[in-house]
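> Numbering (UniProt numbering), first residue to last: 1 to 650. Ideal placement from N, C-alpha and C gives every residue a C-beta, glycine not left out. Structure below; questions to follow.
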Ligand code: 6R9
């Protein structure tokens with residue numbers, strides 16, 4: 001193999017693995033040569049009310065239309081619960097580990113069935129119907145999974161909004177999909193601190209009402225018992241409601257292409273897009289990837305540390321694992337509370353076999369020192385995974401050697417909200433690993449690298465990563481805006497899905513994701529559109545203009561660097577800097593907190609008025625010796641001021 005940091009498949013990884021390298025190569029070839037036959041077979045991994053006769057019906061050109069298993073009928077909650085009851089009704093479906101280490105719960109598949117049916121009946125009682133949008137703004141508690149599954153049971157479309165988003169951000173998402181039913185909790189709890197979810201919801205509902213969407217019902221789960229506002233007639237307690245309905249609810253027969261959920265995600269322009277996933281293809285794809293990528297065996301304890309507010313939580317805490325009848329661990333807390341050993345202690349406590357987390361968490365824990373890890377056993381671990389951003393080889397090697405004692409394979413899984421499930425990844429028993437590479441495509445996935453002119457690059461190359469054919473887990477449209485879907489993903493390179501990521505392919509055909517090539521930054525594994533932060537900044541009365549870029553950050557991967565031009569007469573001081581930081585947090589949420597704010601009397605613009613971000617990125621990286629050609633700037637002198645006042649001096 002052609003690179004450093006190669007780790008060959010160890011005999012122990014191969015021994016009971018579901019897929020070895022020969023099987024990978026054969027299945028991969030079959031899957032791309034004859035997708036109808038391949039997916040026609042694997043579509044049967046889920047149960048159907050009405051079997052499909054058509055498999056793939058997709059077009060990446062023209063209007064772009066993506067349909068899988070289109071004449072089949074099924075139901076997601078029925079697949080994630082009912083079909084397991086006979087064999088594993090008493091098996092734990094969800095292990096819940098609370099923020100406080102003394103707080104935990106186990107929910108069996110039988111119990112999950114009853115909880116989900118009751119909540120589904122509550123929703124029905126309040127008039128929620130197939131196709132209605134339900135917003136879920138919740139902490140990491142089992143009721144969040146019940147809420148998602150209850151929606152799918154009755155055919156309602158859920159929109160989960162991450163609990164760290166602000167009332168403004170929540171309101172925007174409620175209004176965009178005209179959601180009139182909200183499920184939330186009194187408060188969340190993370191690292192010992194309460195998060196005012198219900199109060200935020202109240203504020204968001206007011207903002208959404210002004211925008212034209214009136215929320216009719218709010219179901220509130222009591223998590224902390226903290227004090228919250230209450231609107232009689234609109235707000236109801238979860239525990240009161242579920243006590244009044246039956247623990248049985250017939251699953252709605254859903255067409256394969258009926259919408260399943262909306263999940264808002266940041267892009268390079270405009271407000272967040274409502275990524276729409278549909279029923280059957282999504283479930284087939286996430287259950288299949290969950291099984292093979294994590295080499296999941298019956299009886300394994302599986303833990304993904306993501307928040308259900310992100311796609312990773314949807315696909316690999318809830319839907320993939322439960323469709324496979326797995327025991328999935330749901331963690332309410334944070335990696336460093338009450339101590340830096342928390343992850344490893346939870347692994348020992350629940351004998352976790354498969355552990356899936358983000359590079360940003362690993363880098364932070366690596367910085368805290370090895371002893372926090374080595375004092376725990378971690379003997380149960382069999383597969384480790386990462387997701388969310390490129391993992392640097394140092395963090396990869398630390399994960400491998402210190403967390404896994406050099407004995408556990410790491411799957412570095414590349415995918416996106418839009419892709420529904422994992423697209424590029426090693427398979428534990430099949431793929432020789434290289435630290436920092438997501439390695440090879442999953443079955444049915446056809447990656448391609450192209451240059452700026454759209455020319456296809458073969459062999460060893462670096463370029464923009466595209467996918468040339470559809471896979472069942474792919475998003476189908478932007479909710480309410482199909483034109484934006486086509487524009488965003490299929491217009492840069494005609495007939496191809498453009499991922500927005502840059503990528504290198506090495507001599508072994510391995511893929512190395514190098515990060516976004518558009519105006520999206522990745523902060524602690526969370527996607528952030530620079531345009532969103534800019535729009536938050538310019539909504540402040542003292543700001544006239546703003547430009548936001550990412551810069552390398554040791555822990556977060558990327559930090560948020562803001563250039564701000566003030567209105568005439570405003571004073572650029574420390575107080576205003578703090579005010580702007582608070583303003584952005586209020587507008588979007590804590591995840592968008594600016595790391596650096598530089599007051600800039602002028603921004604570097606071309607004569608046609610375009611901000612030259614390339615220059616701003618370089619200055620933010622403290623790499624201004626390599627600014628490149630600045631002669632096309634309308635006023636080259638602004639650059640000197642920007643360099644002199646840079647906030648990131650090394
Ligand atoms: C699942 C998820 C998607 C963006 C994606 C890319 C980055 C995700 C990665 C990775 C390198 C990996 N990304 N996994 N980069 N290696 N293994 O994270 O979805 O929140 O939509 O973010 O994250 O840049 O385009 P999402």
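Under 6 Å from any heavy atom of ligand 1, does the C-beta of residue 448 make it?
Residue numbering aside, residue 448 sits at position 448 when the chain shown is read from its first letter. Outside the cutoff, so no.
> Quick check on the burial criterion: 16 or more other C-beta atoms within 10 angstroms. Buried or exposed for residue 282?
Here residue 282 corresponds to residue number 282 of the chain shown, with the count starting at 1. Buried, by the Cβ-count rule.
> Using alpha carbons as the reference points, say which of 90, 63 and 44 lies closest to residue 74.
As a working mapping, residue 74 is identified with position 74 in the chain shown. Comparing Cα-Cα distances from residue 74 to each of 90, 63 and 44, the minimum goes to 44.
> Evaluate contact between the stretch 123-143 and the stretch 317-336, counting only Cβ atoms and requiring at least three cross-stretch pairs below 8 Å.
Yes: at least three Cβ pairs fall under 8 Å.
> DSSP on residue 161, reduced to helix/strand/coil?
In the chain shown, counting from the first residue as 1, residue 161 sits at position 161. DSSP places residue 161 in coil when its eight states are reduced to three.
> Would the beta-carbon of residue 428 fall within 7 Å of that of residue 395?
Counted from its first residue, the chain shown places residue 428 at position 428. Counted from its first residue, the chain shown places residue 395 at position 395. No, the Cβ-Cβ distance between residue 428 and residue 395 is not below 7 Å.
> Rounded to whole angstroms, how far is the Cβ of residue 434 from the Cβ of residue 6, which I believe are closer than 8 Å?
Translated into the one-based positions of the chain shown, residue 434 becomes position 434. Translated into the one-based positions of the chain shown, residue 6 becomes position 6. Indeed, because the Cβ distance is near 5 Å, the residues count as touching under 8 Å.
> Quick one: what does DSSP say residue 268 is sitting in, helix, strand or coil?
Within the chain shown, the letter at position 268 stands for residue 268. Coil.
> Answer yes or no: do residue 648 and residue 622 have a C-beta to C-beta separation smaller than 7 Å?
The residue given as residue 648 occupies position 648 in the chain shown. The residue given as residue 622 occupies position 622 in the chain shown. Taking 7 Å as the Cβ cut-off, residue 648 and residue 622 qualify as a contacting pair.
> Which residues in the same chain as residue 106 place their Cβ atom closer than 6 Å to its Cβ, once the five residues preceding and following it in sequence are excluded?
Stepping through the chain shown from its first residue, residue 106 is reached at position 106. Answer for residue 106: 92 and 95, listed in chain order.
> Contact between the stretch 261-281 and the stretch 123-130 is defined here as three or more beta-carbon pairs at a separation below 8 Å; is this criterion met?
No: the two stretches stay apart, fewer than three of their Cβ pairs being nearer than 8 Å.
> Taking the alpha helix (DSSP H) that residue 218 belongs to, which residues open and close that run?
Translated into positions along the chain shown, residue 218 becomes position 218. That residue, residue 218, is in no alpha helix (DSSP H); its beta strand (DSSP E) goes 217-221.
> If I'm right that residue 285 touches residue 473 with Cβ under 8 Å, what's the distance once you round it to whole angstroms?
The sequence position of residue 285 within the chain shown is 285, counting from 1. The sequence position of residue 473 within the chain shown is 473, counting from 1. Indeed, because the Cβ distance is near 3 Å, the residues count as touching under 8 Å.
> Rounded to a whole number of angstroms, what is the C-alpha to C-alpha distance between residue 20 and residue 200?
Locating residue 20 in the chain shown gives position 20, where the first residue counts as 1. Locating residue 200 in the chain shown gives position 200, where the first residue counts as 1. Distance between the alpha carbons of residue 20 and residue 200 is about 49 Å.
> For residue 563 versus residue 616, is the C-beta distance shorter than 7 Å?
Locating residue 563 in the chain shown gives position 563, counting from the first residue. Locating residue 616 in the chain shown gives position 616, counting from the first residue. Yes; because the gap between Cβ atoms is below 7 Å, this pair is in contact.
> Quick check: what's the CA-CA separation for residue 55 versus residue 295?
Position 55 of the chain shown, counted from the start, is the residue given in the question as residue 55. Position 295 of the chain shown, counted from the start, is the residue given in the question as residue 295. So the two alpha carbons sit approximately 26 Å from each other.
> What does a CB cutoff of less than 8 Å around residue 61 pick up in its chain, not counting 5 residues either side in sequence?
Here residue 61 refers to the residue found at position 61 when the chain shown is read from its first residue. 490, 494 and 495, listed in sequence order.
> Would you decide whether residue 540 is buried or exposed? Buried here means 16 or more other CB atoms lie within 10 Å of its CB.
Within the chain shown, numbered from 1, the residue matching residue 540 stands at position 540. It counts as buried.
> Taking only the alpha-carbon atoms, compute the straight-line gap between residue 160 and residue 633 and give it to the nearest angstrom.
Locating residue 160 in the chain shown gives position 160, counting from the first residue. Locating residue 633 in the chain shown gives position 633, counting from the first residue. Going by the C-alpha atoms only, they are around 43 Å apart.
> Considering only C-alpha positions, which residue in the set 441, 607 and 220 is nearest to residue 635?
Counted from its first residue, the chain shown places residue 635 at position 635. It is 607 whose Cα lies nearest to the Cα of residue 635.
> Just to confirm my understanding: we take residue 402, look at its own chain, exclude 5 residues before and 5 after, and list those with CB closer than 6 Å. What are they?
Start at 1 with the first residue of the chain shown, and residue 402 comes out as number 402. So the list reads 370 and 373, once near-sequence residues are dropped.
> Curious, which full-length alpha helix (DSSP H) runs of at least 4 residues does the stretch 62-115 contain?
Correct list: 76-80 and 85-88.
> Taking contact to mean at least 3 C-beta pairs separated by less than 8 Å, is the stretch 568-588 in contact with the stretch 164-184?
With a cut-off of 8 Å, the stretch 164-184 and the stretch 568-588 count as touching, because enough Cβ pairs lie within range.
> According to DSSP, simplified to helix, strand and coil, what is residue 490?
Indexing the chain shown from 1 puts residue 490 at position 490. Helix, per DSSP.
> Select from 524, 509 and 363 the residue whose C-alpha is nearest the C-alpha of residue 515.
Within the chain shown, residue 515 is the residue found at index 515, counting from 1. Residue 515 has its Cα closest to that of 524, out of 524, 509 and 363.
> Three Cβ pairs or more, each shorter than 8 Å: is that satisfied between the stretch 498-507 and the stretch 456-473?
Contact holds: three or more Cβ-Cβ distances are below 8 Å.
> For residue 313, which of helix, strand or coil comes out of DSSP?
To locate residue 313, count along the chain shown from 1; it is residue 313. Correct three-state label for residue 313: helix.
> Start and end of the beta strand (DSSP E) containing residue 461?
Indexing the chain shown from 1 puts residue 461 at position 461. Unbroken beta strand (DSSP E) run through residue 461: 461-467.
> On the DSSP bridge list, what partners appear for residue 656?
Absent from the model: residue 656. The displayed extent of the chain is 1 to 650, so no value can be given.
> Have a look at the DSSP bridge pairing and note the partners of residue 559.
As a first step, residue 559 is located in the chain shown; it is residue number 559 there, counting from the start. Beta-bridge pairing links residue 559 to 551.
> In this structure, how does DSSP classify residue 344 when only helix, strand and coil are distinguished?
As a first step, residue 344 is located in the chain shown; it is residue number 344 there, counting from the start. Here residue 344 sits in helix by DSSP.
> Any heavy atom of ligand 1 closer than 6 Å to the CB of residue 216?
The sequence position of residue 216 within the chain shown is 216, counting from 1. No - ligand 1 has no heavy atom lying nearer than 6 Å to the Cβ of residue 216.
> Excluding five sequence neighbours on each side, which residues of the same chain lie with their C-beta closer than 7 Å to the C-beta of residue 137?
Position 137 of the chain shown, counted from the first residue, corresponds to residue 137. Cβ within range, chain order: 161, 163, 170, 182, 184, 197 and 201.
> Of the choices 610, 630 and 430, whose alpha-carbon is the least far from that of residue 17?
Locating residue 17 in the chain shown gives position 17, counting from the first residue. The residue with the shortest Cα to Cα distance from residue 17 is 430.
> Between residue 213 and residue 240, is the Cβ-Cβ spacing less than 7 Å?
One-based indexing of the chain shown puts residue 213 at position 213. One-based indexing of the chain shown puts residue 240 at position 240. Result no, Cβ atoms of residue 213 and residue 240 do not sit closer than 7 Å.
> Sort 322, 222 and 251 by Cα distance to residue 238 and report the nearest one.
If you number the chain shown from 1, residue 238 lands on position 238. Per the Cα distances, 222.
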